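Line by line, the protein sequences give chains A and B. For the first sequence, the residue numbers in this note's numbering are 35 to 230. For the second sequence, the residue numbers in this note's numbering are 35 to 230.
2 protein chains.
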Amino acid sequence: MRARDENKEIAIRQKAVEMIVKEGLDGLSMQKLARAAGVSPATIYIYYKDREDLIIQLALYASEKLTCTSLENFDPEMSFEEGMKLQWRNRARFFTENPTEMLFVEQIKHSQHYEKFVEANKEHFRDVMKKFTANAIKNKELIELPFEAHWSIAFGPLYQLIKFHSQGHSYASKEFHLTDELMMQTLQLVLKALKP
Amino acid sequence: MRARDENKEIAIRQKAVEMIVKEGLDGLSMQKLARAAGVSPATIYIYYKDREDLIIQLALYASEKLTCTSLENFDPEMSFEEGMKLQWRNRARFFTENPTEMLFVEQIKHSQHYEKFVEANKEHFRDVMKKFTANAIKNKELIELPFEAHWSIAFGPLYQLIKFHSQGHSYASKEFHLTDELMMQTLQLVLKALKP
DNA sequence: AATATAAATGAATGTTCATTCACTTAACAA
DNA sequence: TTGTTAAGTGAATGAACATTCATTTATATT
């Protein structure tokens, strides 16, 4: 038995994500990817069933990495403010350290692959967050809200800020830079909205 | 001189947007599009320079429609609460009446075409919104904030809600439905965050 | 009715695409 | 050392791709 060459797998993943972010989903060709990763086209099919499977697997892998990072040092028993601050910082850090993967996940989330992507998503994160919010409500740190409304207020602004920062934006100033200070200022306002 | 057949132009636009939302940017082929729109492939090239031009033009057209809708009955002199309520309702209405175009714009915004899309965007909307916020700050209805932070809090949650509603979401309940009531409840919290 | 003009076409071009397959290579078990 | 297994390959295949072009068609003007 010959062992899989881990470097090949990593090279395929990394080059694929790069290609998609740079040239779009329609810029990802199996042959170009093989050349970029230094493997034979046929090798990719050892790791992935077909082109779509490749895309979905990559998205799941990257998204799992984001979820794990966002839960680092997190505990659902934390105070609401403390927990939110940690999650915002963790997510922002993931984006700073993995901008390409972050853009990739956002692209997939807004593509036709979204449904398959969601189906396969684990429930663990959802459960932790539900516990966190239930706890915060119990401690009168958070108003009662449908989960979707809560999520939208709690994280919608963060993702919007990240998008402003990552690509420039029709309405963003050219010189816009996402500082930790601005992020925390924004978070304080979000907390103001969500406190009883 | 033979006049352009407006129906053909509309058919191309409509089918292209449908195709992209259903099958993704990599699912849009000029020949398939021509067949779907009932025209010759060559006809498309009368209207658009090439495939990318087609995509960008479609995105600009749809985005302009969204901007116009969002400014319907809007006046930058309105009170902050009134103005925000109107914009939220206008945007939600656009989404309800044009779900495919809305998804299309969101897809382009998160794709590699984003930069070209932004470059070509008009400044009118930005100016109106700047006037609106400046006015609200003067009237002590809005705290002072960098434009990006303000925008993120003011509209980030709305777009997140729309996404929850349009596709289901990893963390959304299966039965989630975006009612006007929930939207207005969420807006009230956003306003709470942004009021001095 | 004749002319001019641009819209519209269908077939054709050369390229690139995803995927497969017969084959070779590496590593471990015997 | 030899046999077995799966990793890895390069070339090949046929389909689909974006785009072009010689030609036809419709219409507004003369």
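Each residue gets a CB set at the ideal place from its N, CA and C atoms; glycine is no exception. Computed from a predicted model, the values in this text were never measured in an experiment.
With residue i as the anchor, note down where its alpha helix (DSSP H) starts and where it stops.
| i | result |
| --- | --- |
| arginine 47 of chain B | 40-57 |
| asparagine 169 of chain B | 158-172 |
| asparagine 132 of chain B | From DSSP, asparagine 132 of chain B is part of no alpha helix (DSSP H); its letter is neither H nor E. |
| lysine 226 of chain B | 214-228 |
| proline 191 of chain B | 181-201 |
| phenylalanine 151 of chain A | 148-153 |
Please state whether the Cβ-Cβ distance between residue i and residue j is less than 8 Å.
| i | j | result |
| --- | --- | --- |
| proline 110 of chain A | phenylalanine 166 of chain A | yes |
| glutamate 106 of chain A | asparagine 124 of chain A | yes |
| serine 104 of chain A | glutamate 175 of chain A | no |
| isoleucine 187 of chain B | alanine 126 of chain B | no |
| methionine 217 of chain A | leucine 195 of chain A | yes |
| glutamine 146 of chain B | glycine 190 of chain A | no |
| glutamine 65 of chain B | tyrosine 148 of chain A | no |
| valine 51 of chain A | phenylalanine 128 of chain A | no |
| valine 115 of chain A | leucine 223 of chain A | First, the residue type needs correcting, since residue 115 of chain A is glutamate and not valine in the sequence shown. In this structure, leucine 223 of chain A does not lie closer than 8 Å to glutamate 115 of chain A by Cβ. |
| threonine 101 of chain B | phenylalanine 159 of chain B | yes |
Looking only at its own chain, which residues have a Cβ that is under 6 Å from the Cβ of residue i, when we skip the five neighbours before and after it?
| i | result |
| --- | --- |
| tryptophan 122 of chain B | Leu192 and Leu221 |
| alanine 71 of chain B | Ala45, Ile46 and Lys49 |
| phenylalanine 108 of chain B | Leu120 |
| alanine 170 of chain A | Phe114 and Leu176 |
| glutamate 178 of chain A | Ile171 |
| proline 75 of chain A | Met64, Gln65 and Ala68 |
| leucine 88 of chain B | Tyr82 |
| arginine 38 of chain B | none |
By Cβ distance below 8 Å, which residues in the same chain neighbour residue i in space, the five residues on each side in sequence not counted?
| i | result |
| --- | --- |
| phenylalanine 231 of chain B | This structure cannot speak to residue 231 of chain B, because chain B is shown only from 35 to 230. |
| histidine 184 of chain A | Thr167, Leu176 and Leu228 |
| methionine 53 of chain B | Gly61, Leu62, Lys66, Leu67 and Ala70 |
| asparagine 173 of chain B | Ser113 and Phe114 |
| arginine 85 of chain A | Leu62 and Met64 |
| valine 73 of chain A | Lys42, Ala45 and Ile46 |
| valine 55 of chain B | Thr134, Leu137, Phe138 and Gln141 |
| lysine 164 of chain A | Phe181 |
| alanine 154 of chain B | Ile90 and Leu94 |
Among residues of its own chain, excluding the 5 on either side of residue i, which ones have a beta-carbon nearer than 7 Å to its beta-carbon?
| i | result |
| --- | --- |
| methionine 35 of chain A | none |
| tyrosine 81 of chain B | Glu43 and Ile46 |
| valine 162 of chain B | Leu105 and Pro110 |
| proline 133 of chain A | Ser200 |
| lysine 156 of chain B | none |
| glycine 117 of chain A | Phe108 and Phe166 |
Alpha helix (DSSP H) segments (min. 4 residues) lying fully within the region 48-107 of chain B: If we require 4 residues or more, the alpha helix (DSSP H) runs fully inside the region 48-107 of chain B come out as 64-71, 75-81 and 85-104.
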